[in-house]
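Below: one structure, written as structure tokens.
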Amino acid sequence: MVECLDRNRHTYLVCADSGGQIVGCNEAMARLLGLNSEEFKGGSIWDKLPESDGRRLNERLQRSEAGAGPFLLNFITPDQIPATLDCGLASMPGGRFAIIGVPAGSPAEDSDTAWLQLNNALATLSRENARKSKQLERTNEALGEARTAALEAAQAKADFLSHMSHEIRTPMNGVIGMVELLLATDLSREQRRYAEVTQTSGRALLALIDNILELAKGEAGKISIESLDFDLRRVLEDVVEIWRVQANAKGLAFGSRVTPEIPALLRGDPSRLRQILNNLAANAIKFTERGAVSIQVELASQADGKATVRFAVADTGIGIRPDQAAGLFSPFVQADVSTARKYGGTGLGLAICKQLVEMMGGTIGIESQEGEGSTFWFTVVFETPALAFTVERIGGRGVVPGEARILIADDDPTNRFVALAQVEKLGYKADAVADGAGAVEALRRGGYDLVLMDCEMPVMDGYEATRRIRESGNPRVPIIAVTGHAMPGDSERCMREGMDDYLSKPLELQRLGEVLAKWLHAPGERG
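Using our numbering, the first residue of the sequence shown is number 9, and each one after it goes up by one.
Spelled out as structure tokens, the structure:
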């Protein structure tokens, strides 16, 4: 608009925003005030007018008199001599306004020409703004459609993963649970070897499933960290026990060491810690052909009721070049293509380890030299509880349970059999029903101290059964959700429905024992 009025050297134009800040002027106005047009931008229109003229202009603006008849304004020139212009006021999009003028006393045709040019310029500007507004509207509409499609795709992905989690974990519960029970019986050396290989393979498959689900949880921002009292040394023993068979099969020495300064009990998330250590131990064994793998744990610092513990998983394997190390903690990344071809893997484990470590207040890194091995280290900040409940194990497994009775509700016959065997192996008395309605009826008759409740069952699912139990005369019995669902929001839903804790399938004896001990023996937990 400014440019189209520069053709008439006797027409003066200045544009300002709603606060009076100048956003542009034509060359004639710049010459009148002794400025170039770039310097003129950014100043205030009120500084270019005497006080009385400023008031007159402001009154017209307040009365929205844009387009009204002409009026006189005196602009201050560099020699402080007012230059009187016969001006008109025009409104512009976005709350801006324009002052257009010709020297006072100019022929009427000059004023008419100036107004015609201004109106034509405003009309052009209005059409351009309308075009841009329509374009913006179409863009916003397309973005809205894209966002809706993305949300629908994300929900479909979450639903699919949740369904697959349930479908895969249910039979995995039978496989891993029965192998674990089988290994607790008297077996020949050959039979034990076969069972141990089956257990290792099952755990490796479960770890892959967990990694995929953890990645989905991380994308949704719904990974949760628990705060439980636990013995770190026992967690480490579990990890070594899991991977010793695979290490021995490759002829590798495999062991661990915990410095004596580590407190006997820590408060944090033992499951997440176990998950990190399992991932790192599995990687170390995978990429080591000869030599040893070790896990070292030491106290980095302790103060104000908190302990920072440093873990290091060292191997004598293939090692990593410095330029490859930087991207290792990103999803789906491995050192190079040949490594992926030779050793397999998804490249998810380290990314999830990094995510979990940082959620627990620590950091993770690597020290490595190609051909000479690697050390993956991480720190975690734990609380140091003054008093905590300890879990006594029977022959390295389970807890001393007392005389508590447990009710198991699960529609899958194999899972009922496995759960009954596991609970009885831990020393508890247990009964089982095939659906939520059976659980409600069994609790109505009384005599149970805790319920292991499957969530997906026919006739009445675990959620509805829990609501019925909470509304009945036995509202405070601990109800532990046992489900193949392990996606973001699953544990939260269980808590909202009135359940007290959450276990995902497959059930491992140690974790089951910890949860049962927590709700059946910890002081103050039972109603």
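Every residue gets a Cβ at the ideal spot worked out from N, C-alpha and C, and that includes glycine.
Can you tell me whether Tyr202 is helix, strand or coil according to DSSP? helix
Indicate the three-state DSSP secondary structure (helix, strand or coil) for Lys513 in the structure shown. coil
Alpha-carbon to alpha-carbon, Asn82 and Pro111: 10 Å
Reducing DSSP to helix, strand and coil, say where Thr347 ends up. Low confidence applies to Thr347: its pLDDT is 47, below 50, so where it sits in the model is not reliable, and the reading given next is rough at best. Three-state DSSP puts Thr347 in a helix.
Could you check whether Ala447 and Asp419 sit closer than 8 Å to each other, using their CB atoms as the reference points? no
First and last residue of the alpha helix (DSSP H) that includes Ser279? Pro278 to Lys294
Counted within 10 angstroms of its Cβ, other Cβ atoms place Phe168 as buried (16 or more) or exposed: exposed
Report all residues from its chain with a CB closer than 6 Å to the CB of Thr383; omit the five preceding and five following residues, and keep chain order. Ala320, Ala322 and Glu375
So Val301 packs on Leu260, CB below 8 Å; how close in whole Å? 6 Å
Extract the residue ranges of the beta strand (DSSP E) inside the region 229-278, only unbroken runs of 3 or more that lie entirely within it. 236-238, 261-266 and 274-276
Around the Cβ of Arg280, are there at least 16 other Cβ atoms within 10 angstroms (buried) or fewer (exposed)? buried
Do you know how far the Cα of Gly325 is from the Cα of Asn256? 15 Å
Buried or exposed: which applies to Met37, given that a residue is buried once 16 or more other Cβ atoms fall within 10 Å of its Cβ? buried
Leaving out five residues on either side along the sequence, give the residues of the same chain with a beta carbon under 7 Å from the beta carbon of Pro393. Asp237, Leu273 and Arg275
Are Leu288 and Cys361 close, meaning C-beta to C-beta below 8 Å? yes
If you follow the alpha helix (DSSP H) that Asp419 is in, where does it begin and where does it stop? Neither: Asp419 is in no alpha helix (DSSP H) and is coded neither H nor E.
Burial state of Lys140 (16 or more Cβ within 10 Å): exposed
Return the residue from the list Met367, Glu378, Arg211 and His171 that minimises the CA-CA distance to Gln558. Nothing about residue 558 can be read from this structure; the chain reaches only from 9 to 535.
Considering Ala541, what are the terminal residues of the alpha helix (DSSP H) in which it resides? Residue coverage of the chain in this structure runs from 9 to 535, which leaves residue 541 outside it and unanswerable.
Roughly how many angstroms separate the alpha carbons of Tyr20 and Ala138, rounded to a whole number? 27 Å
Give a yes or no on whether the C-beta atoms belonging to Leu189 and Lys437 are separated by under 8 Å. no
Given a cut-off of 8 Å, decide if Ala489 and Gly444 are closer than it, judged by their beta-carbon atoms. no
Please report the distance separating the alpha-carbon of Met368 from that of Thr208. 28 Å
If you follow the alpha helix (DSSP H) that Ala322 is part of, which residue opens it and which one closes it? Here Ala322 belongs to no alpha helix (DSSP H); instead the beta strand (DSSP E) covers Lys314 to Asp323.
Short of 7 Å in beta carbon distance, which residues of its chain neighbour Arg282, apart from the five on each side in sequence? Order them along the chain. Val243, Asp246 and Val247
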